[in-house]
Structures are given as C-alpha cells and as structure tokens.
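Here the structure is laid out as structure tokens; the discussion comes afterwards.
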Amino acid sequence: MRVKADIEVLRQIPLFADADAGHLQLLAFSTPRIELESGNVLFQKGSVGGAAYLVLGGTAEIYEDAEAAGKIIATAESGALLGELAMLANAAYGVTVKTTSPFVAKRIERELFIRLAHEFPEFGAAIMRNIVTRLGRSVAALVQVKAMFEA
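51 is the number of the first residue of the sequence shown in our numbering; add one for each residue after it.
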C-alpha cells in the first residue's frame, strides 16, 4: 500500500506530472525510504547532489548557507521534491536542508533516474517536456523582472 501512496505523491510533483503510472510505480518501488529525526541535515550546500528527496512526511528548513545557521529561505513538507536540479545535473546542492521534525522521504538516486529514462524513453520524454516547460516559465519571469528594473 505504501507504493501506491508514494505514486500519488510523485504524481503531484510537476517534474513527474505527465509520467506514466507504471513508470512512477517502478520509481516508487525502486527508491529507498529514509527516516531522520528532527535536527538532522538531509544534505548540505556544496556537497555533490547524487540524489533528490521526495518528502513523504515531516518538515525541514532550507538554508542558503552550508552551516544551516543563517536565514531560513523556505520550508519543505510532504509533497516537496528537494535537490532535483543537483540530481539531474550531478552538481552540488545549492542549499542546506535540515529536518525540524521526524522526517520521511524517498531517496531518488541519479543512477536509477537515468536508467529509467534510458530504458523507458517515454518516461524520459515526459520528464524532459516538464523541465523545458518549467525552464520556459523561469526565463519569461526573468524577462519580466529585467523589464521592471530597466523601467
């Protein structure tokens, strides 16, 4: 029953919104569930992002600095996907995430994600479409901000 619930959470993430239910089931079944106590660092700014985390329960604070001591820039709760860009690009995480309650997440490893996209091209195509759409929206928003600064 957990896999079914995990699929529903995955479906709510824009990155996975257009993916086939069978591919999401495979992803949910293949990813380990992690549980952390309050006060644990999920990942630290600057560390290499080999995985993204789908939050299934609990809350976390997101910090701009590596020490998780500065200003909180956001909070994450069930349904959030953390570290997706670092996972996709195999790049360093750009923020630090620290749990603020008992925390449950699915760890989506880059290798698994890439293997699924390779073995199931339609899965990869659905993900790529969503990334392109989101990038287009971001560029449009930046153009608007630029115009505001120029005005």
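A virtual CB, placed ideally from N, CA and C, is assigned to each residue, including glycine. Please read all numbers here as calculations on a predicted model, not as lab measurements.
Kindly list the residues whose CB is nearer than 7 Å to the CB of S88, restricted to its own chain and excluding five residues on each side of it in sequence; keep chain order.
T149, T150, S151 and P152
Considering just the uninterrupted stretch of the alpha helix (DSSP H) at F79, what are its terminal residues?
A71 to S80
Per-residue DSSP class, three states only, for K54
Helix at K54.
Separation of A190 from E200, as counted between CA atoms
15 Å
Mind listing, in chain order, the continuous alpha helix (DSSP H) runs of no fewer than 4 residues lying wholly within the stretch 57-137?
71-80
Give me the Cα-Cα distance between E127 and G107, rounded to the nearest whole angstrom.
Going from the Cα of E127 to the Cα of G107 covers about 7 Å.
Straight-line Cα distance separating L132 from A139:
In this model, A139 and L132 are separated by some 14 Å (Cα to Cα).
Would you kindly work out how many angstroms separate the C-alpha atoms of Y113 and V195, rounded to a whole number?
C-alpha separation (whole angstroms): 24 Å.
Across the stretch 169-179 and the stretch 60-74, are there enough close Cβ pairs to call them in contact, namely three or more that are closer than 8 Å?
Touching, yes, given that three or more Cβ pairs across the two stretches are closer than 8 Å.
Looking only at its own chain, which residues have a Cβ that is under 6 Å from the Cβ of P82, when we skip the five neighbours before and after it?
R157
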